[in-house]
Structures are given as C-alpha cells and as structure tokens.
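Counting with UniProt numbering, you get residues 1 to 212 for the letters of the sequence shown.
Glycine included, every Cβ here is placed at the ideal spot set by N, Cα and C.
All remarks here apply to the structure that follows.
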Amino acid sequence: MRMAELSAASGMPVATVKYYLREGLLQPGERTSPNQARYGEEHVQRLKLIRALLDVGGLSVATVGEVLAAVDSHAPTHEVLGLAQRALVGSAKDVDEEPRAWALGVVTDLATRHGWKAEPESPTVAALVLTLCTIRDLAQAHDGLLARLDDYATLADRIAEVDLDTVTSLPSLDGIVEATVIGTVLGDRLFFALRRLAQSAESGRRFVPQEG
Numbered sequence: 001m002r003m004a005e006l007s008a009a010s011g012m013p014v015a016t017v018k019y020y021l022r023e024g025l026l027q028p029g030e031r032t033s034p035n036q037a038r039y040g041e042e043h044v045q046r047l048k049l050i051r052a053l054l055d056v057g058g059l060s061v062a063t064v065g066e067v068l069a070a071v072d073s074h075a076p077t078h079e080v081l082g083l084a085q086r087a088l089v090g091s092a093k094d095v096d097e098e099p100r101a102w103a104l105g106v107v108t109d110l111a112t113r114h115g116w117k118a119e120p121e122s123p124t125v126a127a128l129v130l131t132l133c134t135i136r137d138l139a140q141a142h143d144g145l146l147a148r149l150d151d152y153a154t155l156a157d158r159i160a161e162v163d164l165d166t167v168t169s170l171p172s173l174d175g176i177v178e179a180t181v182i183g184t185v186l187g188d189r190l191f192f193a194l195r196r197l198a199q200s201a202e203s204g205r206r207f208v209p210q211e212g
C-alpha cells in the first residue's frame, strides 16, 4: 500500500505517519521510486502499537522509541514486557529512609512468599513502597490493609494469570506489547469499576437488613 492507503488503514493522518518515520518509530517502506514507498500490514500493526504506547500508555516519544528498539532487537518477550510495564509505572516520589526501609522489607517478604522478583530500583517496587508508606501513615486504616496484604497479592497472582493468558495467544511481539499496554491501562480501569460493584453488593449483603 502507498502512504495514503497506510494512513487510511491506520486511521492516522499522513503528517503523523511521516513524523513517526522521521523519529524512527516506524520502519521505512520499500522504495519503489525516489519519492514513493510501499508499505505492508506490518506497518499498520506498528502504527497501532505506537498509538497504544503514546495515547493509551501516555509514554513519551523517546520512551516509545526504547520499547520499539527492544521489540526490533528480538529481545526476549519477558524483557520487552518488563520494559513496557516499567514505562507505564513511571517514577515514584522519594520517601524518608526509615519508612522506605520498612516498606522494602514488607515488599521483599511478600515477594518471597509469592515467588515474585522485587528489585529495589524497580519503578513498580518504588510505587508499591510509596503506597505502603502512605497506608502506614493513615493510622486508622493501615492495620487492616496490611494484615490482608497476602490476600491482595493472591488476587494479583490470579489477575496476572488472566492478563498473560489473554495476550500470549497473539501471533506477534508487536501485538503482545500493544495488548499488554492497553490491557494494563484499561484493565486497571475495568478492575476498578468491577471492584466498586462488588464492594457495593458485599456491603448490601453484610450491612443492609434483610426484609422478613
């Protein structure tokens, strides 16, 4: 397909496609003349991945370039997904040394029990440390939440299984990364809404007097 057809197939303006080409996010097409190139379905798929990383994931162009470079280098799928996930988490605020050490200890123990890899420098671990420190600061709430941390981790294990079952059947790494980004961002929103519905139902069962 030509540039205009690629634009139509991807739903992106020609100017946007050309910008991604200049930035090296999209592979060049096959030259058919000095001013013309031919593009294939792999270019449409790559544009979908770029859109997912930029629009859904909210990543910068530079970070998208890093993720795509990992994809194109044929790095192991686990490494590519890890890079994409770290980019989605972003950076967390620093916390004081004492609560940070406490929270890291909690995370390390939890990870050991659940067979997770929790590297202290990981943005995901940093975000979890910040969350745990915030919970501990809320004296009325932290005891119950921290006491059920393993229960939440068990649920997270099950959600992760569903997430990976959903994407691993896809035929290409581009598709897997795209689905992971979309599934993580939109899946968080989906689970948030489902959790609220379930909480409302459970509250009714526990606290609303039954007629008769």
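Self-check item: C-alpha gap between Val106 and Gln85, whole angstroms
Solution: For the purposes of this step, residue 106 is taken as residue 106 along the sequence shown, with counting starting at 1. For the purposes of this step, residue 85 is taken as residue 85 along the sequence shown, with counting starting at 1. Distance between the alpha carbons of Val106 and Gln85: 22 Å.
Exercise. Below 7 Å CB to CB, which residues in the same chain sit around Leu104 once its five sequence neighbours on both sides are set aside?
Key: In the sequence shown, residue 104 corresponds to position 104, counting from 1. The residues Pro120, Val129, in chain order, have a CB closer than 7 Å to that of Leu104 in the same chain once the five nearest residues on each side in sequence are set aside.
Quiz item: Which class does Thr180 belong to by DSSP, given the choice of helix, strand or coil?
Solution: In the sequence shown, counting from the first residue as 1, residue 180 sits at position 180. Assigned with DSSP and collapsed to three states, Thr180 falls in helix.
Self-check item: Contacts around Ser7, its chain only, beta-carbon distance under 7 Å, and the 5 residues preceding and following it disregarded
Solution: Residue numbering aside, residue 7 sits at position 7 when the sequence shown is read from its first letter. Once the five neighbours on either side are set aside, the close Cβ partners of Ser7 are Pro13, Val14, Val17.
Exercise. Would you check if there are 3 or more beta carbon pairs closer than 8 Å linking the segment 30-40 to the segment 154-171?
Key: Contact between the segment 30-40 and the segment 154-171 is absent, because fewer than three Cβ pairs lie under 8 Å.
Quiz item: Span of the beta strand (DSSP E) holding Glu30?
Solution: Position 30 of the sequence shown, counting from 1, holds the residue named residue 30. Unbroken beta strand (DSSP E) run through Glu30: 30-33.
Practice problem: Tell me whether Ala37 sits in a helix, a strand or coil according to DSSP, three-state version. | Solution: Stepping through the sequence shown from its first residue, residue 37 is reached at position 37. Taken through DSSP and simplified to helix, strand or coil, Ala37 comes out as strand.
Quiz prompt | the segment 19-28 touching the segment 52-68, judged by at least three CB pairs closer than 8 Å | solution = Taking 8 Å as the limit for Cβ pairs, the verdict is that the segment 52-68 does touch the segment 19-28.
Quiz item: How about Asp174 and Leu49: are their beta carbons less than 8 Å apart?
Solution: Looking up residue 174 in the sequence shown gives position 174. Looking up residue 49 in the sequence shown gives position 49. Yes, these two residues count as a Cβ contact at 8 Å.
Quiz item: Is the beta carbon of Leu110 less than 8 Å from the beta carbon of Ala52?
Solution: As a working mapping, residue 110 is identified with position 110 in the sequence shown. As a working mapping, residue 52 is identified with position 52 in the sequence shown. No, they are not a contact pair.
Self-check item: Ala156 and Val167 closer than 8 Å at C-beta
Solution: Translated into the one-based positions of the sequence shown, residue 156 becomes position 156. Translated into the one-based positions of the sequence shown, residue 167 becomes position 167. Not a contact, by the Cβ cut-off of 8 Å.
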